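These protein sequences, in sequence, are chains S and L.
Note that my numbering gives residue 107 to position 107 of the first sequence, counting from 1, and the numbers run on in steps of one.
Note that my numbering gives residue 776 to position 776 of the second sequence, counting from 1, and the numbers run on in steps of one.
We treat Cβ as the ideally placed atom computed from N, Cα and C, and that holds for glycine.
All values reported here derive from a predicted model rather than from experimental measurement.
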Amino acid sequence: MKPVPWQTGEICGPDSAKALSKADVLKRDLSKSKKRLLIVGSEAPDEKHGKGDMVDYAIALAKAGKMDIIATGGAIKSFIDKGFDGAKTMGAMELAFRLQDPEWKGPHGNGPYDMIMIYGQPYYMQWTMLSGVMNFAPEIVAIALGRYFQPHAKWSFPNMKEKQYHTILDEILELVGGGK
Amino acid sequence: MRDSQPYYGVLCSPIAPRTGTEFSMKKKAYFKADEADTGLGKFKGLEVRIGTIVDDEWDEPMGPTPMPGPTTLRSWDHKILTKYQPSYMPYCQVCCLCTMGKCDLSGDRRGACGLDIKGQQARIVLAAANIGCAAHLAHSRHLIDHLIEEYGPRTELIQGPGTEIHAPVARLVTGMRPRTLEDASIILDYCESQMTHTLSATATGQEGNWMDFESKVFHAGMVDQLSMEIADLAQVSTLGMPQADPDAPLVKSGIGMMDTNKAIILTIGHNIVPAASITDYITEKRLNEEAEVGGMCCTAWDITRRDPNAKVIGPISWQLRYIRSGKADVVVVDEQCVRTNVVEEAKKVSAPVISTSDKAVMGLPDRSDDPPDSIIKELVSGKIPGAYISDHAIVGEVAVKVALAIKDKRRKMKFFPSKKKMQKMAEECKKCSECIRACPNDQNVMEAVLAAQVGNFELLREVYHNCIGCARCESACPNDYDLHSWMVAAAEADCKEETHVVRTGRGAIQDTEIRNVGQPIVFGEIPGVIAHVGCANYPGGGQDVHDMAEEFAKRRYIIVTSGCAAISAGHVKDENGQSIYERRTGEFDAGGVVNVGSCVSNSHIAGAAIKIAAIFAKRNLRGNYAEIADYIHHRVGAVGISWGAMSQKAASIAAGFWRLGVPVIVGPHGSKYRRMLLGTAENERDWMVYDARTGDRVPTAPGPEHLFYAAETVAEANVLTAKLVLRPNDTGKGRSIKLSHYVDIHETYYGFFPDDVWKYIRRETDIPITLKDKILTQMKENNWKERRIPDPTLLKEQVMGGSS
Chain S
1 MKPVPWQTGE ICGPDSAKAL SKADVLKRDL SKSKKRLLIV GSEAPDEKHG
51 KGDMVDYAIA LAKAGKMDII ATGGAIKSFI DKGFDGAKTM GAMELAFRLQ
101 DPEWKGPHGN GPYDMIMIYG QPYYMQWTML SGVMNFAPEI VAIALGRYFQ
151 PHAKWSFPNM KEKQYHTILD EILELVGGGK
Chain L
1 MRDSQPYYGV LCSPIAPRTG TEFSMKKKAY FKADEADTGL GKFKGLEVRI
51 GTIVDDEWDE PMGPTPMPGP TTLRSWDHKI LTKYQPSYMP YCQVCCLCTM
101 GKCDLSGDRR GACGLDIKGQ QARIVLAAAN IGCAAHLAHS RHLIDHLIEE
151 YGPRTELIQG PGTEIHAPVA RLVTGMRPRT LEDASIILDY CESQMTHTLS
201 ATATGQEGNW MDFESKVFHA GMVDQLSMEI ADLAQVSTLG MPQADPDAPL
251 VKSGIGMMDT NKAIILTIGH NIVPAASITD YITEKRLNEE AEVGGMCCTA
301 WDITRRDPNA KVIGPISWQL RYIRSGKADV VVVDEQCVRT NVVEEAKKVS
351 APVISTSDKA VMGLPDRSDD PPDSIIKELV SGKIPGAYIS DHAIVGEVAV
401 KVALAIKDKR RKMKFFPSKK KMQKMAEECK KCSECIRACP NDQNVMEAVL
451 AAQVGNFELL REVYHNCIGC ARCESACPND YDLHSWMVAA AEADCKEETH
501 VVRTGRGAIQ DTEIRNVGQP IVFGEIPGVI AHVGCANYPG GGQDVHDMAE
551 EFAKRRYIIV TSGCAAISAG HVKDENGQSI YERRTGEFDA GGVVNVGSCV
601 SNSHIAGAAI KIAAIFAKRN LRGNYAEIAD YIHHRVGAVG ISWGAMSQKA
651 ASIAAGFWRL GVPVIVGPHG SKYRRMLLGT AENERDWMVY DARTGDRVPT
701 APGPEHLFYA AETVAEANVL TAKLVLRPND TGKGRSIKLS HYVDIHETYY
751 GFFPDDVWKY IRRETDIPIT LKDKILTQMK ENNWKERRIP DPTLLKEQVM
801 GGSS
């Protein structure tokens, strides 16, 4: 069944994300990507995952996948509180704009990025951010790692049940070289 | 004569947009009367034409752009839009505005008309700005026509004591000093002509370039600001509202403040005229002990500005909860932000609706020409659910008499389901999650309903506090549960405790206040002017607005409020039970919290910035838009925040500030405006200015860094606010004060010392003493070099000795 946006009114145009129903579907894109960026929003510190939260997951994912992290909306404080100093902070809107510049190096100086993974912003805000990326930075592979379907990504979970969602998150972590 | 009919007493020929020096100040007046009884005798079919009135008492020279047309200020707009690039985030990739479509604009495709996706997004932004502008402008036109009819065209416009520079926006944009209602009407003629032009640009086959669409967005915003100033100036002059009064009355606010022993009339919207007829009727008939009026949204501010016995019930997002409570015996709606199914909602609680605006008739029968008694009879009996009454003179009588007649019967009615009934119904919940999926704020309504199954209503109560009252959860519910009512019922005790005291709108800022604070603002010693304005589409309740205002007020920024944000800011009590308005002065001064009033009073915020240029810097305002905008952009550390921005009106208000170079922050829902205006800090070329003293092109720090920005959280908004008040003209002392706050706020909300402070150091005098070591280290790490503090301008003609 074709996935539908979580917020029912947030339908999109002709281009729509593919369902990320198992981690393996990312294999091809991951193997092709050279510079990845993980974008973590303000809701991540309050979202549980395993024994920790989605900030812990971000740290694990970034380390395993050699990804830079940009925290938005003040989520940076949570990274610092956890003693992780590898994350940088930017505003979500600013970030969505800067990703459209094919030469943008980013605050870590490691860009331009060819893949982003993103979660933790309010649903509708991530929706608009990803619209900017999809329409004006089509060379970037956008993977939405929130539970709910983001039609403007290339890959997104199809409004997944919580348990299944966390299982696949762990599988993705393994896929990029980390995990259990 | 009905209020909705146009005024024909004085008509002015439309003033065609002109540019530059070809403009001359003319007012062509035309008077026509079917019958006139004058000292000279009785006349029939009288027509008087007055050729030209020149305001030759005003010795201020006319600037280059009086009454600018849609392209007159294009060059200024392009300077701003080059510095702050639009970042588009399309809602969808198709255009469906003409029958050649739908057109797929994805990728590099173009539509059948030739437009690409950037152009289309800019076009949608322009459409929104035009809609917003039209709403304020039509409101303004209605007010002016009504007031001319009521008081005559020669009625003087008075902004208040200490406001010699009254109507600064009008002076700046039109080159006119509007002194009478007749002048106000001429200015609205100009506004109407301009809005027609900018709206026409959105038609298929007109504008085709995103930057020109965006320039017209700015034009619509400027026209909007002008029409708002005219509306507020006119109502302040004639309707007994506070006139630039820092001690405007404190009034009662909140659902719990409404006295249910009295008949209650709820007024919703923005236009004071019908609501004024209600408070007048109550006063005239001495019914204060039997009936009272409460307002929601901007009508609330304007009725309390006129009659402090009236009450501010709450922001626009509360209208459904208050109607559903059944406490309002009659609902009177005027215009803008009114819930469009108000009749259906009021019907559920047996409250008649009176619609009063030709813009929002709401499907009700037109009873404007009927005698009040017959309308009252039908409303009281319930024969009709409401009536459209365009004659505002009788609205007061009808509303009050109906409310008094049905009050006792209605007080015996119960409108909310009992907890027992809700618990029973909750057991049938299908657990489909549709309520959550429909909620704009992702509130877990379903979990709250499931908790109610076991008699736990605490979660529903929590949802109530974050709810924006859209009721989309109900529309989505397959069981048709009145979920919004459930939330309100669960929070009934909280509603009763919503008893607040807020300061009603004061109107304009006095010249004398500007004189006192102009220099410290321009030098940066008062670190900024923060305006909390706009709607109530908050991501997490209204308290955020209060908290943001308090964060900066305690740091001695000047806080200005208006509209629904002004209400929300006042709906939080401190440990002494006081609101922000009770514990802080209403003066336009450091640490003050200044409520200017309703939506149309937003123009006074722009007016204050404009007056700083006139009073402190002695700049001429008259028809001199670009120079003054350039001055404000580089020198006045003002930031607008519309945390709950929802409407097209909020978009056009923001656009008025963008053209003045004032940055605006919106809450996360503001990302749905689909376009930000963003600077790029590391592009040094974008931050180059002319030094007006030498003509040299010199670099400045990126300030203000962005012009329109949706912040994800309060933390981000606070950090951004502290940064966006930075201006190239700050003195060393001012810059160091601003940076101290920026660093402190950054450390508080982000947990670390910001790594870009060095960029804002021009000379060592800019460094806050207590932060010296850290900043010097940062400067060294980044190979900092001393920079000159220029007399900054983007306009070559402002260079001394340059072309003028």
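Under 7 Å from the C-beta of residue i: neighbouring residues of chain L
| i | result |
| --- | --- |
| Gly132(S) | Ser87, Tyr88 and Met89 |
| Tyr123(S) | Asp442 |
| Asp56(S) | Result: empty, since nearest Cβ-Cβ is about 17 Å, beyond 7 Å. |
| Ala144(S) | The premise fails here: Ala144(S) is roughly 15 Å from chain L at the closest Cβ pair, so nothing lies under 7 Å. |
| Thr128(S) | Met89, Ser671, Lys672 and Arg674 |
Chain-order list of residues whose beta-carbon lies under 7 Å from that of residue i (same chain, five-residue window excluded)
| i | result |
| --- | --- |
| Trp104(S) | Arg98, Gly111 and Pro112 |
| Ala58(S) | Leu38, Val40, Ala44 and Ile69 |
| Val463(L) | Gln443, Val445, Ala448 and Met487 |
| Ala629(L) | Trp76, Arg659, Leu660 and Gly661 |
Environment of residue i [buried if 16+ CB atoms lie within 10 Å]
| i | result |
| --- | --- |
| Met800(L) | exposed |
| Gln235(L) | buried |
| Val333(L) | buried |
| Thr8(S) | exposed |
| Pro274(L) | buried |
| Gly221(L) | buried |
| Ile15(L) | Here Ile15(L) scores only 38 on pLDDT, less than 50, and its place in the model is too uncertain to base an answer on. |
| Ser200(L) | exposed |
| Ala203(L) | exposed |
| Ala288(L) | The residue asked about is misnamed: residue 288(L) is Asn in this sequence, not Ala. Asn288(L) comes out exposed. |
| Asp46(S) | exposed |
Beta-carbon neighbours of residue i, restricted to chain L and to distances below 8 Å
| i | result |
| --- | --- |
| Thr89(S) | Tyr750 |
| Ala96(S) | Ser87 and Met89 |
| Asp81(S) | Gly751 |
| Met160(S) | Ordered by position in chain L, no residue passes the 8 Å Cβ test against Met160(S), which lies about 12 Å from the chain. |
Alpha-carbon spacing of residue i relative to residue j, whole angstroms
| i | j | result |
| --- | --- | --- |
| Leu20(S) | Phe157(S) | 5 Å |
| Gln93(L) | Ala92(S) | 21 Å |
| Trp784(L) | Gln543(L) | 41 Å |
| Val529(L) | Ala681(L) | 23 Å |
| Tyr7(L) | Gly656(L) | Bear in mind that the predicted position of Tyr7(L) carries a pLDDT of just 32, short of 50, making it unreliable; the figure below should be weighed with that in mind. Tyr7(L) and Gly656(L): Cα-Cα distance of roughly 28 Å. |
| Asn85(S) | Phe79(S) | The residue asked about is misnamed: residue 85(S) is Asp in this sequence, not Asn. Looking at the two C-alpha atoms, the distance is approximately 7 Å. |
| Gln798(L) | Ala692(L) | 6 Å |
| Ser193(L) | Pro86(L) | 27 Å |
| Ile745(L) | Ala549(L) | 13 Å |
| Val714(L) | Pro365(L) | 46 Å |
Same chain, Cβ closer than 8 Å to residue i, neighbours up to 5 away in sequence not counted
| i | result |
| --- | --- |
| Phe23(L) | Below a pLDDT of 50, predicted positions are generally treated as unreliable, and Phe23(L), at 37, falls in that range; no measurement from the model is reported. |
| Ile615(L) | Ile165, Asp511, Ile514, Arg515 and Gly518 |
Within chain L, the residues that residue i reaches when beta carbons sit closer than 9 Å
| i | result |
| --- | --- |
| Phe84(S) | What Phe84(S) touches in chain L: nothing, since even the nearest Cβ is about 12 Å away. |
| Ile76(S) | Tyr750, Gly751 and Phe752 |
| Ala92(S) | Pro668, Ser671, Ala710, Ala711, Glu712 and Glu716 |
Neighbourhood of residue i by C-beta distance below 6 Å, restricted to the same chain and skipping five residues each side
| i | result |
| --- | --- |
| Trp76(L) | Ala626 |
| Gln648(L) | Ala128, Ile131 and Gly132 |
| Pro151(S) | Pro5, Cys12, Ser16 and Ala17 |
| Ala566(L) | Asn595 |
| Ala438(L) | Arg472, Cys473 and Ala476 |
| Val666(L) | Ser642, Ala645 and Ala710 |
Proximal chain S residues relative to residue i, where beta-carbon distance stays under 9 Å
| i | result |
| --- | --- |
| Gly107(L) | Asp15, Asn135 and Pro138 |
| Arg110(L) | Result: empty, since nearest Cβ-Cβ is about 14 Å, beyond 9 Å. |
| Thr340(L) | Chain S residues near Thr340(L): none, gap ~17 Å exceeds 9 Å. |
Contact set between residue i and chain S, taken where Cβ atoms lie within less than 8 Å
| i | result |
| --- | --- |
| Gln93(L) | Cys12, Gly13, Pro14, Asp15 and Asn135 |
| Ser736(L) | Residues of chain S passing the Cβ test: none, with the nearest at roughly 24 Å. |
| Arg437(L) | Trp6, Gln7 and Thr8 |
Listed by chain order, chain S residues near residue i by CB distance under 7 Å
| i | result |
| --- | --- |
| Pro539(L) | Pro122 |
| Thr713(L) | Ser42, Gly73 and Gly74 |
Residue i: CB within 8 Å of a non-hydrogen atom of the ligand FMN
| i | result |
| --- | --- |
| Glu47(S) | The ligand FMN is absent from the structure shown, which contains no ligands of any kind. |
Beta strand (DSSP E) runs contained entirely in the segment 290-347 of chain L, provided each spans 3 or more residues: 291-296, 311-314 and 330-333
Whole beta strand (DSSP E) elements within the segment 576-628 of chain L, 3-residue minimum: 593-597
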